[in-house]
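Below is one structure, written out as structure tokens; the observations come after it.
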Amino acid sequence: MDKLLYLQASPLIERSYSISAADAFVKAYQKINPSHIIQTMNLFDMELPAFDGFTLAARYAIMHGTDPSETEKSAWRAVEKVIEEFTGADKYVMAVPMWNFGLPYKLKHYLDVVVQSGYTFAYSPEEGFSGLITGKPVFIAYARGGAYPPGSEFESYDMQVPYLEHVLGFMGFTDIRRIIVEPTVSDIESLTLLQEKAALRAEEMAGFF
Ligand SMILES: Cc1cc2nc3c(=O)[nH]c(=O)nc-3n(C[C@H](O)[C@H](O)[C@H](O)COP(=O)(O)O)c2cc1C
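Take the sequence shown: its position 19, counting from 1, is numbered 16 in the numbering used here, and each next residue is one higher.
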């Protein structure tokens, strides 16, 4: 039975445009695949492990084959739990707002926890880097206040889509599907239309996921 992990990176929930589009996708997906498990997590409700000195010391102790202390071990175990939850899914849906041209800090924190050598990517001198999460699709609903269309003078301001998809690619994702809801700073009428169009497109895309 497939498990779909749905990560929400907006704290707004009801008023979030990325969540509204991703919700439409997940709802349509669930209708088509009623037996699949959907796990929804809002990153703003999660206690992510701090990536502090103990965690880093544990990581380097493991990398260098030395024995970590009990405190370091328990810090690393907390990191492993988040990674296991992430890698245990078969499919992924993400709702991602643009904050200061990039990602909300909670999603960056989550990535800092799950992007780990030996867990989600590997390195060897012969083969270089290789992603370990392969053959799994991800659907991402992005939202941003402004508009950053390809070819426009604002395209280069967008460090949300290129950054997230670069990191996902680094972990092995190749099947990355997206919709972009923009500009969400607009009048109510345009926003309602934008939201409806995004939901329809998301529902369509759920049929091929
Ligand atoms: C802290 C913060 C920073 C933001 N930075 C940007 C930005 O750099 N560029 C932009 O176009 N919109 C920016 N916005 C607007 C959001 O991208 C916009 O409200 C979007 O709809 C957020 O996604 P959501 O509706 O799913 O929460 C920012 C909003 C917040 C709260």
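From the three backbone atoms N, C-alpha and C, an ideal C-beta is built for every residue, glycine too.
Around the beta carbon of Leu53, a 10 Å sphere encloses fewer than 16 other beta carbons of the protein chains shown; the residue is thus reported as exposed. The C-alpha of Val90 lies about 15 Å from the C-alpha of Ile29.
Remark: the C-beta of Pro147 is outside contact range of ligand 1, defined as less than 7 Å to any heavy atom.
Beyond the five residues adjoining it in sequence on each side, Thr181 comes within less than 8 Å, by CB distance, of Tyr14, Ala140, Arg141, Gly142, Leu188, Leu191 in the same chain, given in chain order.
Within the model, the alpha-carbon separation for Gln5 versus Ala58 is close to 33 Å.
Looking at the DSSP output, Ile35 bridges to Leu1. Taking every residue with its beta carbon within less than 5 Å of a heavy atom belonging to ligand 1 gives, in chain order, Ser7, Leu9, Ser13, Tyr14, Ser15, Pro94, Met95, Trp96, Asn97, Phe98, Ala140, Arg141, Gly142, Gly143, Thr181. Excluding sequence positions up to five before and after Gln27, its CB lies within less than 8 Å of the CB of His33, Ile35, all in the same chain and listed in chain order. Counting along the chain, Ala47 sits inside no beta strand (DSSP E), nor does DSSP assign it H or E at all. Below 8 Å, enough C-beta pairs join the segment 168 to 187 and the segment 127 to 141 to call them touching: three or more.
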